[in-house]
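In the order they appear, the protein sequences are chains A and B. Here the first sequence is numbered in the working numbering, starting from 213 and rising by one per residue. Here the second sequence is numbered in the working numbering, starting from 213 and rising by one per residue. To keep things clear, I will list the structure first and then write my remarks on it.
There are 2 protein chains.
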Amino acid sequence: MRDRFHEELDAVHDQVVELAVLVTNAIGRATTAVVSGDLGAAEEVISQDAVIDAAREDLEARVVAVMACQQPVATDLRTLVATLRICVDLERMGRLARHIAEIARMRCPGVPLPPVLRPAIEEMGRVAQQIATKMRQVLETNDPQAAAELGFDDDAMDDVHRSMFQQMTDDAWPHGMAAAVDLTLLNRYYERFADHAVNVAGRVIFLATGAHAGM
Amino acid sequence: MRDRFHEELDAVHDQVVELAVLVTNAIGRATTAVVSGDLGAAEEVISQDAVIDAAREDLEARVVAVMACQQPVATDLRTLVATLRICVDLERMGRLARHIAEIARMRCPGVPLPPVLRPAIEEMGRVAQQIATKMRQVLETNDPQAAAELGFDDDAMDDVHRSMFQQMTDDAWPHGMAAAVDLTLLNRYYERFADHAVNVAGRVIFLATGAHAGM
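Following this line, the structure appears as structure tokens:
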């Protein structure tokens with residue numbers, strides 16, 4: 213039987229995974245909102261952001277309570293401190309999904325971007341969700357292999373990102389300034405979302421193995 | 213005479229203020245780089261980012277060591293946990309200054325943006341540095357009044373931000389796509405820089421007074 217302290221650490225761990233599930237869902241729905249001009253999906257992501265914030269606050273309070281009551285040292289303390297940083301990353305991922313949904317909402321009822329650009333946004337969304345899903349798996353399993361794959365996905369995101377900027381700064385851009393601003397921000401939001409997921413996985417692997425996961 | 217524990221808390225506090233000074237300098241130099249096309253200033257900000265990261269790592273290690281050795285509870289524990297979050301904000305501010313400098317470097321030896329847009333960038337830079345300076349004062353003094361002023365400065369930043377987007381999405385934008393992308397990203401970087409400064413001040417005031425500083 214596990215002692216009280218380790219039960220509490222397990223509960224913290226479960227809450228982190230739940231938060232990861234929330235942000236993974238959020239980025240998927242945000243992409244639907246922005247690609248299909250789906251106002252319902254946009255509103256859902258925006259209101260869900262408050263749920264993510266509340267879950268993050270709750271989790272942080274729990275971590276601080278465990279620190280205060282159990283006075284952990286060494287590995288347990290480092291794990292709890294890493295959890296506090298992971299909370300910041302996950303909250304930020306939720307906020308970035310919200311920003312994407314806000315772009316969709318601002319442009320509704322039309323779709324926010326010229327149809328010809330939708331495949332690229334869909335691709336960024338697909339990669340972002342894949343990265344978030346692998347991040348969640350890393351949180352669940354501490355698997356360094358999944359963490360390394362996540363680094364490759366992040367490279368794929370950077371490639372989409374670069375090719376889209378290339379397309380945009382091409383002199384022949386015919387889609388107008390508002391679309392250019394939206395697209396620049398969407399690029400940035402997806403890129404940052406992926407960065408945070410890579411950070412989270414890196415912290416988990418660092419705790420599990422003491423080594424950076426080549427990311 | 214203060215005991216060992218409080219000496220350590222004072223040392224942590226001093227290091228936080230030092231980190232705040234570093235990021236305040238970084239944003240000032242980054243603005244010079246981007247407005248004047250000053251390659252030397254850009255390189256300086258970019259290399260200084262590693263110094264900021266190292267200072268942040270050092271500070272975090274110190275906080276965790278204090279937690280492990282002193283087993284703080286209640287207010288002291290909350291202060292240390294808040295310090296960990298402040299570290300994340302300050303590191304991010306340094307990174308955003310670096311991103312601004314990278315835009316300047318990418319465009320050197322020319323200036324990165326059409327001269328007509330320089331006053332707006334200068335204004336964002338000025339407000340960002342003012343916000344960072346007040347954030348540092350809040351860290352030094354725990355003064356809720358300075359924190360409240362910082363909220364007003366952040367509103368000023370939002371105003372510059374909005375008016376620039378207005379100008380950009382105007383159909384008559386004559387400056388080309390590359391400038392539009394740069395300007396959108398610069399806007400975003402300054403805005404995020406200010407957000408992080410407001411977060412830091414908010415955390416300090418929350419610790420000092422138990423109340424959010426109306427931000």
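Glycine included, C-beta positions come from ideal geometry on N, C-alpha and C. Being a predicted model, the structure only gives us computed values, none of them experimental.
If residue i and residue j are in contact, beta carbons under 8 Å, what's the gap, nearest whole angstrom?
i	j	result
Met380/B	Leu362/B	In fact, because the Cβ distance is near 27 Å, the residues do not count as touching under 8 Å.
Glu272/A	Leu296/A	6 Å
Val416/B	Phe377/A	With 8 Å as the limit, Val416/B and Phe377/A do not qualify as a contact, their Cβ atoms being about 38 Å apart.
Ala340/A	Gln349/A	About 15 Å; that fails the 8 Å criterion.
Ala384/B	Leu325/B	The pair is not a contact, with the Cβ atoms about 17 Å apart (cut-off 8 Å).
Residues of chain A with CB under 7 Å from residue i, in chain order?
i	result
Leu271/B	Result: empty, since nearest Cβ-Cβ is about 12 Å, beyond 7 Å.
Name the residue from the options whose alpha carbon lies nearest to the alpha carbon of residue i.
i	options	result
Arg268/B	Arg290/B, Leu251/B, Thr244/B, Val233/B	Val233/B
Ile264/A	Met318/A, Gly388/A, Met369/A, Glu230/A	Glu230/A
Leu398/B	Ala273/B, Asp301/B, Ala316/B	Ala316/B
Gln260/B	Val247/B, Ala332/B, Val235/B	Val235/B
Arg501/B	Val285/B, Asp250/B, Val228/B, Leu302/B	Not covered by the structure: residue 501/B. The range shown for chain B is 213 to 427.
Asp288/B	Ala392/B, Tyr402/B, Glu219/B	Glu219/B
Gly414/A	Ala253/A, Val224/A, Ala294/A, Glu255/A	Ala294/A
Val224/B	Gln283/B, Ile258/B, Ala262/B, Cys299/B	Cys299/B
Leu351/B	Asp226/B, Ala406/B, Met369/B	Asp226/B
Tyr402/A	Asp367/A, Val416/A, Val285/A, Leu292/A	Asp367/A
Ala406/A	Val285/A, Met389/A, Gly337/A, Ala273/A	Gly337/A
Val257/B	Leu271/B, Asn237/B, Val416/B, Pro284/B	Asn237/B
Met369/A	Ala409/A, Gln282/A, Ala384/A	Ala409/A
Val285/B	Ala390/B, Pro356/B, Phe217/B	Phe217/B
Asn176/A	Gln283/A, Gln282/A, Ala360/A, His387/A	Shown here, chain A extends from 213 to 427; a query on residue 176/A therefore has no answer.
Ala254/B	Val228/B, Glu334/B, Val393/B, Ile312/B	Ile312/B
Thr291/B	Ala340/B, Gln282/B, Leu221/B	Leu221/B
Gln282/A	Asp215/A, Trp385/A, Met318/A	Asp215/A
Glu335/B	His387/B, Ala391/B, Asp365/B	Asp365/B
Taking residue i as the query, report the chain B residues whose CB atoms sit under 9 Å from its CB, ordered along the chain.
i	result
Val285/A	Met279, Ala280, Cys281, Gln283
Val276/A	Leu289, Arg290, Val293
Who are the neighbours of residue i on chain B, taking C-beta pairs under 7 Å?
i	result
Leu329/A	Residues of chain B passing the Cβ test: none, with the nearest at roughly 14 Å.
Can you name the residues of chain A whose CB is closer than 8 Å to the CB of residue i?
i	result
Arg297/B	Leu296, Val300
Phe377/B	Val393
Ala212/B	With chain B running from 213 to 427 in the structure shown, residue 212/B is simply not present.
Report the neighbours of residue i on chain A: residues whose CB is nearer than 9 Å to its CB, in chain order.
i	result
Arg400/B	Thr396, Leu397, Arg400
**Study point:** In chain order, each beta strand (DSSP E) run of at least 3 residues that lies wholly inside the stretch 216-284 of chain B
**Key:** none
Check your understanding: For the stretch 414-424 of chain B against the stretch 364-377 of chain B, are there 3 or more C-beta pairs whose distance is under 8 Å?
Key -> no
Practice item. Inspect the CB distances between the stretch 340-347 of chain A and the stretch 274-288 of chain A and report whether three or more fall short of 8 Å. Key: no
Review point. Should the stretch 295-315 of chain A be called in touch with the stretch 232-252 of chain A, which here means at least 3 C-beta pairs below 8 Å?
Key: yes
Exercise for review: Report yes or no: do three or more beta-carbon pairs, one from the stretch 326-343 of chain B and one from the stretch 245-256 of chain B, lie closer than 8 Å?
Suggested key: yes
Point to revise | Runs of alpha helix (DSSP H) wholly within the stretch 309-389 of chain A (minimum 4 residues, chain order) | key: 330-353, 356-381
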